[in-house]
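Chains as they are written, first to last, in the working numbering: chain Z, 1 to 240; chain A, 1001 to 1538.
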Amino acid sequence: MRTLLWGVIPYVVLVLLAAGLAWRYRYDKFGWTTRSSQVYESKLLNIASPMFHYGILFVLVGHLVGLFVPESWTEKAGVSEHTYHLFSLYGGTAAGVLLVLGIALLLYRRRTNAPVFRATTANDKLMYLVLFAAIVLGMVAKLTHASGEGYNYRESMAPWARSLFTLQPDTDRMAGVPVMYQIHAVVGMALFALIPFTRLVHMFSAPVQYLFRPYVVYRSRDPRRVGARPERRGWEKTGS
Amino acid sequence: MRVMAQIAMVMNLDKCIGCHTCSVTCKQAWTNRDGMEYVWFNNVETRPGQGYPRRYEDQEKWRGGWELNKKGALKLKNGGRIKALLEIFSNPKLPEIKDYYEPWTYEYKNLTDAPLGDDYPVAEPRSLISGKPMKIEWSSNWDDNLGGATEHGDLDPMVAKTREKAAEKVKFAFEQTFMFYLPRICEHCLNPACVASCPSGAMYKREEDGIVLVDQDSCRGWRKCVTGCPYKKVYFNHRTGKAEKCTMCYPRLEVGLPTVCSETCVGRLRYLGVILYDADKVTEAASVKDDKALYEAQLGVFLDPEDPEVRREAERAGIEYDWIEAARRSPVHALISTYKVALPLHPEYRTMPMVWYIPPLSPVVDALSETGHDGEDLDNLFGAIDTLRIPLEYLAEIFTAGDVGPVRASLEKLAAMRAHMRAINLGDRPDSSVADAVGMSGREIEEMHRLLAVAKYEDRYVIPTAAVGDAQRLEESALPDSCSLDFEGGPGAGGDGPFGQDSGRKQLPLVTVENFHTLRDRQTADEQPSAAEKDNTL
């Protein structure tokens, strides 16, 4: 069971994520969008959506630091486990509260505003369920193990997560992890697997290139669509 | 000099009767789909009026277009790139559907399913957005023909601006007011703010003809373009989550046909043609400090296709010969640059719009005729253009950022044309002082009259096709892909066999129209096969 949960499923999720993204990019570029509902309702969205998104970005950074910066590194940098725990507790909780409030408002808006609810597909509903579950379970796991030194996941879950990438999953590390953390991790993996197949896919189109391109974009008519065919590689034409 | 070609449009507002045929045919062709119920790529507004979406011209609220920063450089009015990305999770300046109008249908089933009774059944309106019964309170042309202007006329942002400047007030009492129709499509600007606002780089201006399009595969639905466009002519499809806009009917233009709105225009008031412009000068012209100088600055960007130097540069820039020739015959170039009767819509947005308008003389003529004066007498008209300050100043707010000069000059030319042509029609000798008064020759006035009043189809639309190669492809597409007997249950039914097109039972026509070798030879040939050679393969 442990091997299945922590040794097999993570790779299945990774494959689903990568293959799903490739598949979506290849066959459903048209569907690759945020499918915003702002034209139906703007007031609430203008508050809730930035709250949620900034919250989740902060939480993402927290997860990356927690899982992929080894404890020994922070120790060397002079940050004790206690300081780290407090930092992660307060910082994480602040971001988490922002995130939970944001998604609660968004869900409320989605359910109560008739046009928005009408534009919600079954796919969206599944995605919201898993997303909301992952967020709430994460908060619960953190807060139920907050007393004293808290639960030091950097000695168990973090090395396991890193070991996944060396292709030698250290499933034994997950043996003593509290159940809440385990459930959170499983739901989190489900969320990753869902990304390519739901609207969450828009996270992979963060438009950073906007900062570096000229304002006005010119494009030529697609040469395949008109009679002229593009020049092929080869010797230069003579007589020109 | 970097010569580029642009397909531009001019609309002669004097001839617009507000029939909305352009809007309806455009809607049938392009936006007759789910998610686009509220969208009109082409709409006709009555001015004074709020427009569609309501009060879109109030850029202090909607933040569309460009402005100059402290250093005098162009920046998007809604803020720079970093602000755009920080605001990506929700767009605070996005119009909601209700700012356009909530689209609806009727519960027609009530009519057919009602039981026999004394009451007439009613088809209730039902929102296409929420699916619930709704009260119809606004639409894309709710204030058509000044409907409700006595109550809502003040909400027109341009009325407010005119009031700031003119001592006299724009009056909405029935006998004191004026109106005209303003058909609007995407401006296909030279300096498009929507393209500049698109974070994904999905919006682009086509190099060949300047048409601004949205790549539906790269659009990610960030909605910045809707805010960026000061004319609010980019729309959000709420079903697909992608931006859509007027395409200038490019599939039609590419084969030399006018846009649907032009083709179906009852008043024949639209003109389509090529304009050559200097792409290097666009930014400089759009950054002119004084709003009122923007009209002249944009005229300075356009190039004269009669100038051999320009033609040479155009050829060097890869512009096809038939495009350069089309630019010489372009009615749009004539109306904008030669006669200077057409004016841009809101040049102060600094987007360098490319759909221009001939301001309407009719409010002036109507007012004059009502007072018992001769509405075609030049002196009367000249005097009236000046004394009817309100229409003039209102028109200037719309077409020249408030500068009355170009509007007056354009109206005077139209007035002179009326007087000159009346003399000819009555068999009098036209008074040469009429033409002189507006700085034109009698001949020029007659040519302008031919373009504006006679307005032959081939004079109004001078559209070069996309490419010679394209024309040839279309020629080939006249040959059917499949046998004409190949319909369900027909003698040729069966389609392609399991081993491809040429396997199994042979179908008509038995002559080889195309085979592998001729296809390969043609695709790899350096030259187009001549007509005779093509015939031989048949």
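All C-beta atoms in this analysis are idealised placements derived from N, C-alpha and C, irrespective of residue type, glycine included.
Exercise. Would DSSP call I1017(A) helix, strand or coil?
Worked result: Looking at I1017(A) - three-state DSSP - the assignment turns out to be coil, as it is neither helix nor strand.
For this session: Within the stretch 1300-1348 of chain A, note down every full beta strand (DSSP E) run reaching 3 residues or more, in order along the chain.
Result: Fully enclosed beta strand (DSSP E) runs of 3 or longer: not present.
Problem set entry | Between the CA atoms of A1202(A) and V1195(A) - distance to the nearest angstrom | Each residue's alpha carbon lies about 8 Å from the other.
Exercise. Grouping DSSP H, G and I as helix and E and B as strand, with all else coil, what is D1058(A)?
Worked result: In the structure shown, the three-state DSSP call for D1058(A) is coil.
For this session: Determine, using beta carbons only, whether I1129(A) comes closer than 7 Å to chain Z.
Result: Chain Z, which has a Cβ nearer than 7 Å to the Cβ of I1129(A), makes this yes.
For this session: Tell me, please, whether the CB atom of G1117(A) is closer than 7 Å to any CB atom in chain Z?
Result: The Cβ of G1117(A) sits no closer than 7 Å to any Cβ of chain Z.
For this session: Answer yes or no: does any C-beta atom of chain Z fall closer than 7 Å to that of S1287(A)?
Result: Answer no: the Cβ-Cβ gap between S1287(A) and chain Z never drops below 7 Å.
Exercise. If you draw a straight line from the C-alpha of R1350(A) to the C-alpha of K1075(A), how long is it?
Worked result: The straight-line gap from Cα to Cα measures roughly 10 Å.
For this session: Just the chain B side, please: which residues come within less than 9 Å of I1097(A) by C-beta, in chain order?
Result: Annotation note: the requested chain B is absent from the structure, which comprises protein chains Z and A.
Problem set entry | Where A1008(A) falls: helix, strand or coil (DSSP) | Three-state result, A1008(A): strand.
For this session: With a 10 Å radius around its C-beta and 16 neighbouring C-beta atoms as the bar for buried, classify Y1457(A) as buried or exposed.
Result: Using a 10 angstroms sphere on the CB of Y1457(A), the tally of other CB atoms stays under 16, which defines it as exposed.
For this session: Whole angstroms is fine: what's the gap from A1435(A)'s alpha carbon to R1206(A)'s?
Result: Their backbone Cα atoms lie some 40 Å apart in a straight line.
For this session: Name, in chain order, the residues that DSSP records as bridge partners for L1155(A).
Result: According to DSSP, L1155(A) bridges with nothing at all.
Problem set entry | V1274(A) - DSSP class collapsed to helix/strand/coil | If DSSP states are grouped into helix, strand and coil, V1274(A) belongs with the strands.
Exercise. According to DSSP, what are the bridge partners of M1203(A)?
Worked result: BP columns for M1203(A) point to V1214(A).
Problem set entry | For W1222(A), the residue or residues it bridges with in DSSP | Looking at the DSSP assignment, W1222(A) forms no beta bridge with any residue, so it has no partner.
For this session: For chain Z, find out if any of its Cβ atoms is closer than 7 Å to the Cβ of K1242(A); answer yes or no.
Result: Yes, because at least one Cβ of chain Z sits closer than 7 Å to the Cβ of K1242(A).
For this session: Tell me whether Y1231(A) is buried or exposed, calling it buried when 16 or more other Cβ atoms sit within 10 Å of its Cβ.
Result: Counting the other CB atoms within 10 Å of its CB gives Y1231(A) a total of 16 or more, which places it among the buried residues.
Problem set entry | Bridge-paired residues (DSSP) for Y1106(A) | Residue pairing for Y1106(A): DSSP places it in a beta bridge opposite P1125(A).
Exercise. Counting contacts by CB-CB distance shorter than 7 Å, is G1495(A) in contact with chain Z?
Worked result: Because G1495(A) sits at a pLDDT of 49, beneath the cut-off of 50, its placement in the model cannot be relied upon, and the following sentence gives the value as read from the coordinates. Among the CB atoms of chain Z, none fall inside 7 Å of the CB of G1495(A).
Exercise. For a contact meaning CB atoms closer than 8 Å, what does L211(Z) contact in chain A?
Worked result: Here the neighbours are R1081, I1082, L1085.
Exercise. Looking only at C-alpha atoms, which of P1391(A), P1344(A), K1340(A) sits nearest to V1365(A)?
Worked result: Comparing Cα positions, the closest option is P1391(A).
Problem set entry | chain A contact for A27(Z) (CB, 7 Å cutoff) | According to the sequence provided, residue 27(Z) is Tyr. The question's Ala does not apply to it. Not an interface residue.
For this session: Taking only beta-carbon positions, decide if Y1204(A) is within less than 7 Å of chain Z.
Result: Put simply, the CB of Y1204(A) is near chain Z, with a gap under 7 Å to one of its CB atoms.
For this session: Go ahead and pull the three-state DSSP assignment for A1243(A).
Result: A1243(A) falls in the strand class under three-state DSSP.
For this session: Report the partner residues of P1133(A) according to the DSSP bridge assignment.
Result: Its beta-bridge partners are R1126(A).
For this session: Starting from P10(Z), find everything on chain A with Cβ-Cβ shorter than 8 Å and list it in chain order.
Result: Close partners of P10(Z) in chain A (Cβ separation under 8 Å) are lacking, with about 29 Å as the shortest Cβ gap.
Exercise. Three or more beta-carbon pairs under 8 Å between the stretch 200-210 of chain Z and the stretch 23-32 of chain Z, yes or no?
Worked result: By the Cβ rule, the stretch 200-210 of chain Z counts as touching the stretch 23-32 of chain Z, because three or more pairs are nearer than 8 Å.
Problem set entry | Y218(Z) versus I1082(A) - alpha carbon distance | When rounded, the separation of the alpha-carbon atoms in Y218(Z) and I1082(A) is 22 Å.
Problem set entry | Secondary structure of N113(Z), DSSP reduced to three states | For N113(Z), the secondary structure class from DSSP, reduced to helix, strand or coil, is coil.
Problem set entry | Proximal chain Z residues relative to Q1216(A), where beta-carbon distance stays under 7 Å | Per Cβ cutoff of 7 Å: F30.
Problem set entry | Own chain residues within Cβ distance below 7 Å of E1348(A), not counting five before or after | Apart from sequence neighbours up to five positions away, the residues of its chain that approach E1348(A) with a beta-carbon distance below 7 Å are D1291, L1294, A1401, ordered along the chain.
For this session: Could you please give me the residues that DSSP links to Y1357(A) through a beta bridge?
Result: Its beta-bridge partners are M1011(A), L1343(A).
Problem set entry | Cβ of L60(Z) within 7 Å of any chain A Cβ | No, L60(Z) lies away from the interface with chain A (no Cβ there is under 7 Å from its Cβ).
Exercise. Near P115(Z), what residues of its chain come up, given a Cβ to Cβ distance below 6 Å and the 5 sequence neighbours on each side ignored?
Worked result: Result list for P115(Z): Y40, in chain order.
Exercise. Just to confirm, are V1332(A) and Y1271(A) a CB contact at a threshold of 7 Å?
Worked result: In contact: V1332(A) and Y1271(A) (Cβ atoms closer than 7 Å).
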